Amino acid sequence: MRKDAKKTAAAEQPSAMSVFMGSEPRLEIRGTRELLIEGSTGVIYYSDTAMRIGVGGRTLLLIGSELSISIMFGSTLTVVGQIKSVEFV
1 MRKDAKKTAA
11 AEQPSAMSVF
21 MGSEPRLEIR
31 GTRELLIEGS
41 TGVIYYSDTA
51 MRIGVGGRTL
61 LLIGSELSIS
71 IMFGSTLTVV
81 GQIKSVEFV
């Protein structure tokens, strides 16, 4: 196998991280004021003090104050406000 062909074959294989992650949601917490969620299946409940968001067959419960969704695009959304707790229920 030529060197170029080996590079191409390696690039086409999924990385260990993508195999591990699969369809799991990705959460990125930025301090206490912002939460990025990738892999959301929808907003179940929404208020300025609590949110329930469907993610990967589970429900993510956010508790805080002044909560709002600043960006919602496809299965990705960003929640801003004073986030006090994040848990799967």
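Going by our numbering, the letters in the sequence shown line up with residues 1 to 89, in that order.
For every residue, glycine included, the Cβ atom is placed at its ideal position computed from N, Cα and C.
The model shown is predicted, which means the values in this text are computed figures rather than measured ones.
query	result
Cβ-based burial, MET51 [other Cβ within 10 Å; buried from 16]	buried
Same chain, Cβ closer than 7 Å to GLU87, five either side skipped, listed in chain order	LEU61
Simplified DSSP assignment, three categories, for GLU24	coil
Reduced DSSP secondary structure (H/G/I, E/B, other) of VAL19	Confidence at VAL19 is low in this model, with a pLDDT of 45, below 50, so its placement is unreliable and the value that follows should be read with caution. Looking at VAL19 - three-state DSSP - the assignment turns out to be helix.
Distance between beta carbons of VAL55 and SER70, contact taken as under 8 Å	Not a contact, Cβ separation roughly 18 Å.
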